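Counting from 194, one number per residue, gives the positions in the sequence shown under this note's numbering. From the three backbone atoms N, C-alpha and C, an ideal C-beta is built for every residue, glycine too. Please read all numbers here as calculations on a predicted model, not as lab measurements. Comments concern the structure below.
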Amino acid sequence: MKTDVYTKILLTIIAACLVIQTIQKVGLVPEAQASSPKIVREEPKYGLVPVNANGSMDVRIVGVSTSDRLDVNIERVGGYSVYNGTLPIKAK
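Structure, rendered in structure tokens:
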């Protein structure tokens, strides 16, 4: 008698699983679908500086007296690093 009850319970569970799979295949339960990803374009955080044809830039210094110190930090010249070395300057 115990085998009969066990078999009925097992067959009922199998039948329920088959019914659930059939309902899913038929499409009675709506499926979740993802939307296409939004492309977020980050704006650049720099500005363009006009450069002359020979590669030089025009600079206008405002508000600096000749007796004031002007702090200038240069990292590279012509692609080479500058550390405690001399800096080639052409003044007009």
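- Here the alpha carbons of Ile232 and Ile282 stand approximately 46 Å from one another.
- For Val270, the secondary structure class from DSSP, reduced to helix, strand or coil, is strand.
- Between the alpha carbons of Asp197 and Val212 lies a distance of about 22 Å.
- Spatial neighbours of Gly271 in its own chain (CB-CB distance under 6 Å, excluding positions within 5 residues in sequence) are not present.
- Residue range 195–219 is occupied by the alpha helix (DSSP H) that includes Tyr199.
- A direct Cα-Cα distance of roughly 10 Å separates Val244 from Val252.
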